[in-house]
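Take a look at the structure set out below.
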Amino acid sequence: MTAVTSPAPVMRRQLLRQLSDGQFHSGEELGASLGLSRAAVWKHLKALQQDGIAVESVHGKGYRLLTAVELLDGERILARLPADLRAQVHLEIFDDIESTNAYLMRHENRDRPLPRVCLAERQRAGRGRRGRSWQSPYATSLAYSMLWRFEAGAQALSGLSLAVGVCVAELLQSMQIPDVRLKWPNDLVWRHYKLGGILIEIAGDAAGPCDAVIGIGINTNNREQPAMREVDQPWLDLAGIAPGRGISRSELAAGLIETLCRRLPVFEARGFAAFAGDYAAYDMLQAAAVTVSNGNERLQGIAEGVDNDGSLRLKTARGMELIRAGEVSVRKSETPEP
430 MTAVTSPAPV MRRQLLRQLS DGQFHSGEEL GASLGLSRAA VWKHLKALQQ DGIAVESVHG
490 KGYRLLTAVE LLDGERILAR LPADLRAQVH LEIFDDIEST NAYLMRHENR DRPLPRVCLA
550 ERQRAGRGRR GRSWQSPYAT SLAYSMLWRF EAGAQALSGL SLAVGVCVAE LLQSMQIPDV
610 RLKWPNDLVW RHYKLGGILI EIAGDAAGPC DAVIGIGINT NNREQPAMRE VDQPWLDLAG
670 IAPGRGISRS ELAAGLIETL CRRLPVFEAR GFAAFAGDYA AYDMLQAAAV TVSNGNERLQ
730 GIAEGVDNDG SLRLKTARGM ELIRAGEVSV RKSETPEP
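Numbering-wise, my numbering puts 523 at position 94 of the sequence shown, and it's gapless, one number per residue.
Spelled out as structure tokens, the structure:
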């Protein structure tokens, strides 16, 4: 199926493509190739800088990007998919959107052919769990959402975020990103640094067909972005884990589409139990002393893996507790340097 890309900021995308080779280009050269005056080129470059894109200006040489910027390429993404998936998936790419999850949750999208995938160069109101914001600076992270219909209903989706986490961790490992782990209930981590997160939103009946929007955010190359200074926990991006490797956002998006399209039917047929063994291999909390917070309640214990429905098994002073929701912090641990 053809990928649909938001047409509004065409000039900005063309300008970035001109500069993507990392070489200097004069304002006159850029203007001639884009059909703009030098003054108009300068205004567009200033807009890019306001979006957090580092542009260097040198008198007599022109302009160049200080760091490489890869724009999402819908045709490239679809070309990397097997033919059967290419014919099924409806892919939309936005330059700027409030939230990829919120977009797919709209009724008009849920009534269209599935599965649907929404990607964005930037989210202005990306969300994490419990209403937290998720920072997605322009063209430096992957904001991915997939709309998938489950015939079994919402009551059968316990542990879905953990199963999706396994899929993402396996994909990153196949792309030579080592040591990715999962922190219950929805974090992707690398040596205790947050690398990404998963947000599942469900609409439909508890016992009948329901739609799940699977949101995945991954830090790819956003270390220099001012917006990331607002993040209140240690974090890292793929460029920091594998410097110089140049992980492609488009290839990562294609990998997520294929992996989830292949594995979600397994989840629907067998539930989280089919992923529990794989989850254990990526579980960063195994045997860790943790504190679980849920509202005003705080519970301490030793994490002993997860149950077959995705509940956290917590050994406490009063016995084994099964935790279905909450925020987990690891006690008495230091965050190592990356």
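A virtual CB, placed ideally from N, CA and C, is assigned to each residue, including glycine.
Top-ranked residue by Cα proximity to A497, from I482, H488, L693: Taking the first residue of the sequence shown as position 1, residue 497 is located at position 68. The shortest Cα separation from A497 among I482, H488, L693 belongs to I482.
Classification of E550 by the beta-carbon crowding that lies within 10 angstroms, buried from 16 upward: Here residue 550 is taken as the residue at index 121 of the sequence shown, counted from 1. By the neighbour-count rule (16 or more Cβ atoms within 10 Å), E550 is buried.
Between the CA atoms of L571 and R658 - distance to the nearest angstrom: For the purposes of this step, residue 658 is taken as the residue at position 229 of the sequence shown. For the purposes of this step, residue 571 is taken as the residue at position 142 of the sequence shown. Only weak support is given to the placement of R658: the predicted model assigns it a pLDDT of 49, under 50, and the question is left unresolved by the model.
Cβ separation of V757 and V735, assumed to be a contact under 8 Å, to the nearest whole Å: Taking the first residue of the sequence shown as 1, we reach residue 757 at position 328. Taking the first residue of the sequence shown as 1, we reach residue 735 at position 306. By a beta-carbon distance limit of 8 Å, V757 does not contact V735. Their separation comes to about 12 Å.
The region 573-584 touching the region 484-502, judged by at least three CB pairs closer than 8 Å: Between the region 573-584 and the region 484-502 there are fewer than three C-beta pairs closer than 8 Å, too few to call the two in contact.
N650 versus A732 - alpha carbon distance: The count along the sequence shown starts at 1 and reaches residue 650 at position 221. The count along the sequence shown starts at 1 and reaches residue 732 at position 303. Approximately 32 Å, taken between the alpha carbons.
Those runs of the beta strand (DSSP E) which lie wholly inside the region 442-511 and span at least 3 residues: Qualifying beta strand (DSSP E) stretches, in chain order: 484-487, 491-494.
Alpha-carbon spacing of V593 relative to E485, whole angstroms: The count along the sequence shown starts at 1 and reaches residue 593 at position 164. The count along the sequence shown starts at 1 and reaches residue 485 at position 56. Cα to Cα, the separation comes out at about 40 Å.
For I752: DSSP bridge partner residues: Here residue 752 is taken as the residue at index 323 of the sequence shown, counted from 1. According to DSSP, I752 bridges with L741.
Pairwise C-alpha distance: C596 and T688: Here residue 688 refers to the residue found at position 259 of the sequence shown. Here residue 596 refers to the residue found at position 167 of the sequence shown. Here the alpha carbons of C596 and T688 stand approximately 7 Å from one another.
Given D525 as reference, the closest of P566, N725, I686 once Cα atoms are compared: Along the sequence shown, one-based indexing puts residue 525 at 96. Comparing C-alpha distances from D525 to each of P566, N725, I686 shows the shortest one belongs to P566.
Residue burial classification, P614 (beta-carbon count within 10 angstroms, cutoff 16): Position 185 of the sequence shown, counted from the first residue, corresponds to residue 614. When all chains shown are included, P614 counts as buried.
Cβ neighbours of D616 in the same chain (closer than 7 Å, five flanking residues each side left out): Translated into positions along the sequence shown, residue 616 becomes position 187. Result list for D616: K623, G626, in chain order.
First through last residue of the alpha helix (DSSP H) which encompasses I670: By one-based count along the sequence shown, residue 670 stands at place 241. For I670, the enclosing alpha helix (DSSP H) starts and ends at 667-670.
At least 3 beta-carbon pairs within less than 8 Å: the region 525-541 vs the region 463-479: Contact between the region 525-541 and the region 463-479 is absent, with fewer than three C-beta pairs closer than 8 Å.
Boundaries (first-last residue) of the alpha helix (DSSP H) holding H536: What you label residue 536 is simply residue 107 of the sequence shown in a count that begins at 1. Annotation: the continuous alpha helix (DSSP H) that includes H536 extends over 536-539.
Beta-carbon proximity of L589 to G684, cut-off 9 Å: Taking the first residue of the sequence shown as position 1, residue 589 is located at position 160. Taking the first residue of the sequence shown as position 1, residue 684 is located at position 255. Cβ atoms of L589 and G684: not closer than 9 Å.
Coarse secondary structure for T720, derived from DSSP in three states: The sequence position of residue 720 within the sequence shown is 291, counting from 1. T720: strand per DSSP, three-state reduction.
Ranges of the beta strand (DSSP E) found wholly within the region 591-630, counting only runs of at least 3: Listed in chain order, they are 609-612, 616-619.
Residues sharing a beta bridge with V642, DSSP: In the sequence shown, counting from the first residue as 1, residue 642 sits at position 213. According to DSSP, V642 bridges with L576, E630.
Counterpart residues of L548 in DSSP-defined beta bridges: Within the sequence shown, the letter at position 119 stands for residue 548. Looking at the DSSP assignment, L548 forms a beta bridge with I522, Y573.
Inter-residue spacing [alpha-carbon to alpha-carbon] between L494 and L445: The residue given as residue 494 occupies position 65 in the sequence shown. The residue given as residue 445 occupies position 16 in the sequence shown. Put simply, the backbone Cα of L494 is about 9 Å away from that of L445.
Which of helix, strand or coil DSSP assigns to S415: There is no way to answer for residue 415, as the model of the chain reaches only from 430 to 767.
Buried/exposed call for R553, threshold 16 Cβ in 10 Å: Indexing the sequence shown from 1 puts residue 553 at position 124. So R553 ends up on the exposed side.
Beta carbon of I686 nearer than 9 Å to that of L514: Counted from its first residue, the sequence shown places residue 686 at position 257. Counted from its first residue, the sequence shown places residue 514 at position 85. Yes.
Beta-bridge partners of N384, as assigned by DSSP: It is not possible to answer for residue 384, since the shown part of the chain is limited to 430 through 767.
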